[in-house]
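Worksheet: the structure to be examined is printed underneath.
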Amino acid sequence: MTSEMMAHAGGCSCRRVRYRMTTKPMIVHCCHCSWCQRETGSAFVINALIEADRVELLAGTPDVVVTPSASGKGQKISRCPTCRVALWSNYAGAGDLVRFVRVGTLLEPYRLPPDIHIFTSSRLPWVVLPPEVIAVPEYYKASERWSKESLARRAALSAAAGQSSA
Ligand SMILES: [Zn+2]
Ligand SMILES: [Zn+2]
């Protein structure tokens with residue numbers, strides 16, 4: 020693999036499942052909600068939002084575990100069948116078309132710093148946020164925060180979703 024390909028490659032702890040993102044994500048969230056805190060056992064999760072067809076499996080096949088979510092509609096968490104590390108999630112909102120890839124599973128997670136901090140109303144008090152990155156108390160509107168390019172990618176997804184449900 021070239022270093023550019025390696026940049027967005029990742030996998031689980033036992034190395035059974037490996038994947039790569041074929042492009043940059045649309046946006047990177049750092050989520051401080053209590054659900055993400057519980058699921059990670061940590062202060063927050065870092066999710067790279069990317070089209071499902073831009074995540075290429077290099078080895079293994081994750082198991083999909085349906086997990087309760089704040090919306091009540093559940094989230095599908097894709098985990099290694101052996102070591103159970105979570106690699107990405109699909110939420111009901113964007114469905115199967117958008118994967119929330121867990122940035123901590125990348126080989127080089129430092130390459131994808133958060134574009135936005137969300138649900139900071141439940142941020143643990145000792146987590147200090149960088150002043151130069153947008154932070155919102157709960158969620159936000161993509162139309163106000165995403166780059167033009169990412170909004171175009173999102174629009175293409177909605178168009179595809181409309182076709183498949185028609
Ligand atoms: Zn594993
Ligand atoms: Zn969250």
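Everything in the sequence shown is counted per this note's numbering, starting at 20 for the first residue and increasing by one. Beta carbons are placed, not taken as given, at the ideal position from N, Cα and C, and that holds for glycine. Because the structure is a prediction, the values reported are computed rather than measured.
For residue i, is the beta carbon positioned less than 6 Å from some heavy atom of ligand 1?
i      : result
Arg98  : no
Arg35  : yes
Thr101 : yes
Taking only three categories from DSSP, how would you classify residue i?
i      : result
Ala178 : helix
Ala185 : Low confidence applies to Ala185: its pLDDT is 46, below 50, so where it sits in the model is not reliable, and the reading given next is rough at best. Coil.
Leu125 : strand
Gly114 : helix
Ala62  : coil
Ser166 : coil
Arg103 : coil
Met25  : helix
Arg173 : helix
Arg37  : strand
Residues bridged to residue i by DSSP?
i      : result
Lys95  : Val85 and Asn109
Cys50  : Val64 and Ile137
Leu76  : Tyr38
Glu157 : Bridge partners of Glu157: none, in fact.
Glu70  : Val117
Say the cut is 6 Å; is the CB of residue i nearer than that to a heavy atom of ligand 2?
i     : result
Trp54 : yes
Cys49 : no
Indicate whether the contact test is met: 3 or more Cβ pairs, each with one atom in the segment 53–65 and one in the segment 115–124, closer than 8 Å. For the pair of segments examined, the segment 53–65 was found to touch the segment 115–124: the number of CB pairs separated by less than 8 Å reaches three.
Please confirm if the segment 66–82 is in contact with the segment 135–148, defined as three or more CB-CB distances below 8 Å between the two stretches. In short, these stretches do not touch, since the Cβ pair count stays below three.
Okay, do the segment 45–62 and the segment 127–139 touch, 3+ Cβ pairs below 8 Å being the bar? Because the criterion of three Cβ pairs below 8 Å is met, the segment 45–62 and the segment 127–139 touch.
With a threshold of 8 Å, are at least 3 pairs of Cβ atoms found where one atom belongs to the segment 94–107 and the other to the segment 164–177? Touching, no, given that fewer than three Cβ pairs across the two stretches are closer than 8 Å.
Say whether the segment 38–50 touches the segment 85–94, bearing in mind that this needs 3 or more beta-carbon pairs closer than 8 Å, one atom from each stretch. Touching, no.
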